[in-house]
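Chemist:
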Amino acid sequence: MKVSLELLKQLTAGNSDFPTNREEIVERIGSQLGAVESVVDLRPFYQDALIVKVVSSKPILASDHLSVCLVDDKGVYPNVERDVDKLVQVVCGAPNVRTGQVAVWLPPGSIVPSSAGKDPLRIGIRKLVGNVSNGMLASAYELNIGSDHSGIVELPEDTDWGVKLIDYLHLDDWVVDIENKMFTHRPDLFGQLGIARELSAIYGRKFSGPEWYRADNIPTNSSGGNLSVDNRLVKSVCPRFMAVSLGGIEVGPSPLWLASYLSRCGIRPVNNIVDITNYVMLITAQPLHAYDLEKVTVDAKTKLIVRKAENTEKLKLIDGSEIELRVNDIVIATEKEVIGLAGIMGSKGSEVSASTKAIVLECANFDMYSIRRSSMEHGIFSEAVTRFNKGQSPLQCAPVLAYALDIFKQICPKAEIVSSVVDSRNDQTNRSREIPVELSVVRSYLGLPDLTPEQAAEILTAAEIGIRTQEDKVYATAPFWRTDLNDPVDIIEEIGRLYGYDRLTPQLPVRSITPPIKYGLLTIKDLIRNVMSAAGANELLSYSFTNAKLLTDCGIDPASAYSVINSLSPELKYYRVSLIPSLLFRVHPNHKAGYGSFALFELGRIHKIGLTDNDGLPTEIERLGFVFSSVNRKSNQGEPAYYQARTYLTYLLHALGISTENLQFTPLPMQQVANSMTTPITEPYANGRSAVVSYGGEYLGVIGEFNSSTRRNLKLSGYCAGFEIDLALIKVLIEDQPKEYVQLGRFPKVIQDLTVDSGGKSYSELEKSTVDKLSRLLPEDIHYRLEPIDAYRPAADKDNVRWTFRLTAESLERTLTDREISQIINKLLNA
Amino acid sequence: MKDELREEIDRTKKLLLAKLSQTEDKRSLLRSLELRALYERIPELDLEDRAGFGQMVNQLKVELTALINAQPQEELSPLDVTAPFGANVPLGQRSSLLESSLGSIHPISTELNRICELFLSMGFSIFESREIDDDFHMFGSLNFPEGHPARDDYDTFMLEQTDHSGLPLIAPAHTSSMQNRILHQCRDNLSAGLPIAAIIPGRVFRNEDVDARHEHTFYQVEGIYVAKNVSIGNLIATLKTFLEAYFRKANLEVKTQPFYFPFTEPSLEFSLSCPFCEKAGCKVCSYSGWIELLGCGQIHPKVLEFAGIDNMTYSGFAWGMGVDRLIMMKWGVEDIRLFHSGRLDFLREFSPGGA
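If you're matching them up, the sequences are chains A and B in order. In terms of the working numbering, the first sequence opens at residue 1029 and continues consecutively. In terms of the working numbering, the second sequence opens at residue 651 and continues consecutively.
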């Protein structure tokens, strides 16, 4: 929202009240109104530009478009070459340059205003086709007052020359750009008038706004004409619709002052009619629209209908785009056709053009939600939308229309009202209600224990809020333009902001010493990070979003994943169902970057369609994903990568204080799944070289190497394995780990190794049968521990692995002998 | 073409087909010496043979590629996945962990953890936020009426799947979406005379074009504090105290700017005097001496009401602080996209051993 301090000053009746220190104004806007995005001082751009009279203009014969002119600045500009009559020679290429004209001269040494700020272009003394040109005559484009650079700017012939442009157009101005988000709830602040009023309140000065901005200022009615309005939505989404016809219209460029105010506030000048409606909007925040009267007149009758669109209707808009209307759109139509998407944009067919002789001027109010929905659905964002969707007050339609008619009279002297002023409104628009505010609440909310009712009243009155105080209460009545003030807290905000938050005393709250709690899995995740990083692994963070290609590259069906409608790109379309694909995706690039061996891990969440929690929201499953990869090793030579992943898993569990004795590894492919909801993602893994990990029957995760298609798709190394485990179960395991203390024995332990042939059985079966046998063979007083220390697969017998276990045995009652234990081992081996 | 040339190709073909069943990395056959030798022959041949021979070699390569692609996916032989280590691997050659000095924790995790620990020490409990939420928690419970333009400021990602009211699920655009749940869950604190004091670190999402300073995925820490007679002065003091502890600086200055959020009123933007240059002006604060850090305000009475809290008796404040920029400032990280890049050169900058 661009604000011109000069306009604010003009709108502050009794201009002398307007603060003069501009730095301070900007600072106070920042601290009491909203963030200032930029401040532009216009003076340096325009300081040298002068209004001059073109005393003579003669075409240069050697050129097809240049003229040599003598201009009169009444000798104001110093240091420039002049002729005997004190006139300055300037060469001009504009087709409209002519003798007698009043124009704007940029003398040598000045900066072209349109180039200022970017790449300043300084004007020099040049020779054009042999003629010296001292500076240039400027177009609207060069003056940054419009887009027209087809000719030079022409001022009315009675304009005094030898005057600085800066004085003529009040360009000794600062344009302050305030962040829009600040005003989402403040319809009034989308007009310069609202900002002027707010600034007065911030300075604690009584604001007396312009005389015309009163709800009871109704435009002088006249009769006649053939204008009528059929507002079919007056009880719902169009609480007010005012219109009037104007004849005697001559479309042309706006006066320079009008174009200048529009362009400094970021609105492009178009023509006098459109510019007047935009200027009035710029001042008041109330959008207006002008239709070409002839184009909206059917059979000599001008009847504007406000209604909902029909499904089959189409509309070609002023910007040239064509839209298909939807049933919820509010439209303005004649008996014949739709002439505007209400509050958003008019139709191309009813647009004011160079040949327009008469117009219908609309000043209406529409429901902010309807405007916003239509704007979003059609993707049309206009200055009018920005204002209407904040909820303008219907009560301002009348004074704004009256003001607009005044401006028309001023700028188009031949314009005359040729119809009655039509006003279709509902009686709900007369809203004025007192908001009671307990001052004790204000004091507590703001931490201002000494605030008196008088102080509160003074602050609020400055913002033109009506005030009645009674004991320790104030009753606030919002002025009609403040549709945002409804609740006591809105009034508290007003007092706090206008008082100044930075003047409040910071004071820490006093609280009890009850200990706070860390909920969820934060503590466990911190533990895991510390353990894994101490084991040389690197934590990475991936997006929560992934894509169909990566999922299918890992063999996963994207149909199981939640998907984003408005994703930034197809790369970010799906939520993750597993962390493994994101990790695998990072493996090849890191090898390519020169890292030979590494371990990556991520703590993240996954979601699966069909899995919901008690609130019906997708269950957020917390996981640890891990991948180890090396280009220096091969999984089919030496120890397979599977065992590398397993080394990390075991290390992690041990470091978390979880015994791995109850850990079970069930080879993939999985035979059956007990609970389909928690089916692990096993698709990327290689059958026979990966396993489901469970703990005491509960599913913990999956571990293993990856199958050949995953390996090929993601260019994985020949030595790559990983795991993904569930953190909720880890939490349970850490908290429920039974810790049993066994008293130390008094007798020496016997340690012996035994080697058992697997005979095609898996390790876990072999271990189980060995333990079973030992338990049968060893007397009850003997406690023992069995741990695997070596595995040997004879070349001649591929199915067999000879496992060597170390048996540590002790009795709590007696001294065991080596002999006794070897006998038992022998029995076991021969059984 | 000479028969001997045909035979030469046939011979190579037989050889390669034989190798196909024996080789593990079947694609390596396409780069095999035998095939390459045929290609190298081409320029040596007589002109009349060259084209035909070349075509046949190409034909062979096409056949071989097709054969390789048609092969059942080559998997390595099964392992005993129940075993603690592999067979025939001596003790010293079994898998081991990488050097500790290579390991690292992501800077965002480190920093979030530090922020959590500081607030924990100030008496704030910690909750985690969600990565998929519903319209009610993202907007409705925070006093954003349906269709309100304030929703436009949160370029929100929406899901194809819907919540129980039939509205699209949402990728939360702020951690404030947790406010209602926590206020509701902890509201009994108030009747017991205890405040509700909580922070919520979390990952949030905005539909924003990505560049060196903007990410669609970033991190926030939300804070809420509700008790009797809570004032804006309390809010400012709490945040100032935290920031001084975080930057390990005493007497940092703070300033506020009015803002608008539907779920706080008054709403403020909170800036801190630059802790890196003592307001002298530096690169971090863009030579302004101030750093814009967070949005905050007094919790809107309607938000308390939606959570079942008596807003006549209790009031409170809330804030939402961006974490990514804080970390970028602290470490001088040049590009926000590095955080999710998964690049080891970036991650290992945070290892004890260095990159």
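C-beta: ideal position from N, C-alpha, C; glycine also.
Three or more C-beta pairs under 8 angstroms: does that hold for the region 694 to 711 of chain B against the region 1671 to 1683 of chain A?
Modeler: The region 694 to 711 of chain B vs the region 1671 to 1683 of chain A: no contact.
Chemist: Among B:797, B:755 and B:707, which residue has its Cα nearest to the Cα of residue 1559 (chain A)?
Modeler: Within the first sequence, the letter at position 531 stands for residue 1559 (chain A). Residue 1559 (chain A) has its Cα closest to that of B:755, out of B:797, B:755 and B:707.
Chemist: Give the interface partners of residue 1626 (chain A) over in chain B, defined as CB-CB distance under 7 angstroms, in chain order.
Modeler: Taking the first sequence and counting its residues from 1, the one referred to as residue 1626 (chain A) is at position 598. By Cβ distance, chain B contributes 994.
Chemist: Within this structure, are the beta carbons of residue 922 (chain B) and residue 934 (chain B) separated by less than 8 angstroms?
Modeler: By 1-based counting over the second sequence, the position of residue 922 (chain B) is 272. By 1-based counting over the second sequence, the position of residue 934 (chain B) is 284. Not closer than 8 angstroms, so no.
Chemist: Let's see if you can read the secondary structure: which residues bound the alpha helix (DSSP H) around residue 1610 (chain A)?
Modeler: Within the first sequence, numbered from 1, the residue matching residue 1610 (chain A) stands at position 582. From DSSP, the alpha helix (DSSP H) with residue 1610 (chain A) extends over 1608 to 1613.
Chemist: Beta strand (DSSP E) containing residue 1317 (chain A): first to last residue?
Modeler: As a first step, residue 1317 (chain A) is located in the first sequence; it is residue number 289 there, counting from the start. Its beta strand (DSSP E) spans residues 1317 to 1320.
Chemist: Going by C-alpha distance, which of A:1564, A:1593 and A:1386 is nearest residue 1626 (chain A)?
Modeler: Taking the first residue of the first sequence as position 1, residue 1626 (chain A) is located at position 598. If we check each option's Cα against that of residue 1626 (chain A), A:1564 comes out closest.
Chemist: So, is residue 1621 (chain A) buried or exposed, given that buried needs 16 or more other C-beta atoms within 10 angstroms?
Modeler: By 1-based counting over the first sequence, the position of residue 1621 (chain A) is 593. Its Cβ having fewer than 16 others within 10 Å, residue 1621 (chain A) is exposed.
Chemist: Under 8 angstroms between beta-carbons, which chain A residues line up against residue 737 (chain B)? List them in chain order, please.
Modeler: Translated into the one-based positions of the second sequence, residue 737 (chain B) becomes position 87. Within 8 angstroms Cβ-Cβ: 1819, 1820, 1821 and 1829.
Chemist: When the distance is taken between beta carbons, is residue 1165 (chain A) closer than 8 angstroms to residue 1202 (chain A)?
Modeler: As a first step, residue 1202 (chain A) is located in the first sequence; it is residue number 174 there, counting from the start. As a first step, residue 1165 (chain A) is located in the first sequence; it is residue number 137 there, counting from the start. No.
Chemist: Quick one: which chain B residues come within Cβ less than 7 angstroms of residue 1063 (chain A)?
Modeler: Here the question's residue 1063 (chain A) lines up with position 35 in the first sequence. In chain order: 907 and 919.
Chemist: If you drop the 5 nearest sequence neighbours on each side, which residues of the same chain put their C-beta closer than 7 angstroms to that of residue 1180 (chain A)?
Modeler: Mapped onto the first sequence, residue 1180 (chain A) falls at position 152. So the qualifying residues of the chain are 1120, 1122, 1124, 1125, 1131, 1165, 1166 and 1167.
Chemist: Counting only beta-carbon atoms, is residue 1729 (chain A) nearer than 8 angstroms to chain B?
Modeler: By 1-based counting over the first sequence, the position of residue 1729 (chain A) is 701. It does not: the Cβ of residue 1729 (chain A) has no partner Cβ on chain B nearer than 8 angstroms.
Chemist: For the alpha helix (DSSP H) containing residue 1309 (chain A), list its first residue and its last residue.
Modeler: Reading the first sequence from its first residue, position 281 is the one you call residue 1309 (chain A). Note, residue 1309 (chain A): alpha helix (DSSP H), 1300 to 1312.
Chemist: Using a cut-off of 9 angstroms between C-beta atoms, extract the partners of residue 753 (chain B) located in chain A.
Modeler: Sequence index remark: in the second sequence, residue 753 (chain B) carries index 103 (1-based). Residues of chain A passing the Cβ test: 1560, 1561, 1562, 1563, 1564, 1565, 1566, 1567 and 1627.
Chemist: Please report the distance separating the alpha-carbon of residue 1506 (chain A) from that of residue 988 (chain B).
Modeler: What you label residue 1506 (chain A) is simply residue 478 of the first sequence in a count that begins at 1. What you label residue 988 (chain B) is simply residue 338 of the second sequence in a count that begins at 1. Distance between the alpha carbons of residue 1506 (chain A) and residue 988 (chain B) is about 50 angstroms.
Chemist: Please report how far the alpha carbon of residue 1585 (chain A) lies from the alpha carbon of residue 743 (chain B), in whole angstroms.
Modeler: Numbered from its first residue, the first sequence carries residue 1585 (chain A) at position 557. Numbered from its first residue, the second sequence carries residue 743 (chain B) at position 93. C-alpha separation (whole angstroms): 39 angstroms.
Chemist: State yes or no: is the beta carbon of residue 1644 (chain A) nearer than 8 angstroms to at least one beta carbon in chain B?
Modeler: Within the first sequence, numbered from 1, the residue matching residue 1644 (chain A) stands at position 616. Yes, residue 1644 (chain A) counts as interfacial toward chain B.
Chemist: I'd like to check one pair, residue 1509 (chain A) with residue 1421 (chain A): are the Cβ atoms closer than 8 angstroms?
Modeler: Your numbering for residue 1421 (chain A) matches position 393 in the first sequence. Your numbering for residue 1509 (chain A) matches position 481 in the first sequence. The answer is yes: Cβ separation under 8 angstroms.
Chemist: Return no unless some Cβ of chain A is closer than 8 angstroms to the Cβ of residue 778 (chain B).
Modeler: Stepping through the second sequence from its first residue, residue 778 (chain B) is reached at position 128. Cβ-Cβ to chain A under 8 angstroms: yes for residue 778 (chain B).
Chemist: Any idea what DSSP makes of residue 1164 (chain A), helix, strand or coil?
Modeler: The residue you call residue 1164 (chain A) lines up with position 136 of the first sequence. Residue 1164 (chain A): strand per DSSP, three-state reduction.
Chemist: Give me the Cα-Cα distance between residue 850 (chain B) and residue 788 (chain B), rounded to the nearest whole angstrom.
Modeler: Here the question's residue 850 (chain B) lines up with position 200 in the second sequence. Here the question's residue 788 (chain B) lines up with position 138 in the second sequence. Cα to Cα, the separation comes out at about 14 angstroms.
Chemist: For a contact meaning CB atoms closer than 8 angstroms, what does residue 1667 (chain A) contact in chain B?
Modeler: Along the first sequence, read from residue 1 onward, the residue named residue 1667 (chain A) stands at position 639. Correct list: 735, 736, 739, 743, 744 and 745.
Chemist: Should residue 931 (chain B) be flagged as near chain A, meaning a C-beta pair shorter than 8 angstroms?
Modeler: Counting from one through the second sequence, the residue named residue 931 (chain B) turns up at place 281. Residue 931 (chain B) does not count as touching chain A.
Chemist: When DSSP labels each residue in this structure, what does residue 975 (chain B) get in the three-state scheme?
Modeler: Residue 975 (chain B) sits at position 325 when you count from the first residue of the second sequence. Helix, per DSSP.
Chemist: In whole angstroms, what separates the C-alpha of residue 1295 (chain A) from that of residue 1452 (chain A)?
Modeler: In the first sequence, counting from the first residue as 1, residue 1295 (chain A) sits at position 267. In the first sequence, counting from the first residue as 1, residue 1452 (chain A) sits at position 424. Approximately 30 angstroms, taken between the alpha carbons.
Chemist: What's the gap between the Cα of residue 1357 (chain A) and the Cα of residue 1403 (chain A)?
Modeler: As a first step, residue 1357 (chain A) must be located in the first sequence, where it is residue number 329. As a first step, residue 1403 (chain A) must be located in the first sequence, where it is residue number 375. In a straight line, the C-alpha of residue 1357 (chain A) is about 9 angstroms away from that of residue 1403 (chain A).
Chemist: How about residue 1695 (chain A): is its C-beta nearer than 8 angstroms to some C-beta of chain B?
Modeler: The count along the first sequence starts at 1 and reaches residue 1695 (chain A) at position 667. It does: the Cβ of residue 1695 (chain A) has a partner Cβ on chain B nearer than 8 angstroms.
Chemist: Which class does residue 1501 (chain A) belong to by DSSP, given the choice of helix, strand or coil?
Modeler: Mapped onto the first sequence, residue 1501 (chain A) falls at position 473. DSSP places residue 1501 (chain A) in strand when its eight states are reduced to three.
Chemist: Please report how far the alpha carbon of residue 844 (chain B) lies from the alpha carbon of residue 927 (chain B), in whole angstroms.
Modeler: Residue numbering aside, residue 844 (chain B) sits at position 194 when the second sequence is read from its first letter. Residue numbering aside, residue 927 (chain B) sits at position 277 when the second sequence is read from its first letter. If you take the alpha carbons of residue 844 (chain B) and residue 927 (chain B), they lie about 39 angstroms apart.
Chemist: Taking 8 angstroms as the cut-off, decide whether the C-beta atoms of residue 1831 (chain A) and residue 1819 (chain A) are in contact.
Modeler: Residue 1831 (chain A) sits at position 803 when you count from the first residue of the first sequence. Residue 1819 (chain A) sits at position 791 when you count from the first residue of the first sequence. Yes, the pair counts as a contact, with Cβ atoms nearer than the cut-off.
Chemist: Check residue 1291 (chain A) in the structure and name its three-state DSSP category.
Modeler: Here residue 1291 (chain A) refers to the residue found at position 263 when the first sequence is read from its first residue. Helix.
Chemist: Is the shortest distance between the beta-carbon of residue 943 (chain B) and the beta-carbons of chain A less than 8 angstroms?
Modeler: Within the second sequence, the letter at position 293 stands for residue 943 (chain B). No, its Cβ sits nowhere closer than 8 angstroms to a Cβ of chain A.
Chemist: By a C-beta neighbour count over all protein chains shown, 10 Å radius and 16 as the cutoff for buried, is residue 1044 (chain A) buried or exposed?
Modeler: Within the first sequence, numbered from 1, the residue matching residue 1044 (chain A) stands at position 16. Residue 1044 (chain A) should be labelled exposed.
Chemist: Distance, Cα to Cα, residue 1347 (chain A) vs residue 1376 (chain A)?
Modeler: If you number the first sequence from 1, residue 1347 (chain A) lands on position 319. If you number the first sequence from 1, residue 1376 (chain A) lands on position 348. Rounded to whole angstroms, residue 1347 (chain A) to residue 1376 (chain A) spans 7 angstroms at the Cα level.
Chemist: Starting from the beta carbon of residue 669 (chain B), find every residue of chain A whose beta carbon is closer than 9 angstroms, and list them in chain order.
Modeler: To locate residue 669 (chain B), count along the second sequence from 1; it is residue 19. Ordered by position in chain A, no residue passes the 9 angstroms Cβ test against residue 669 (chain B), which lies about 17 angstroms from the chain.
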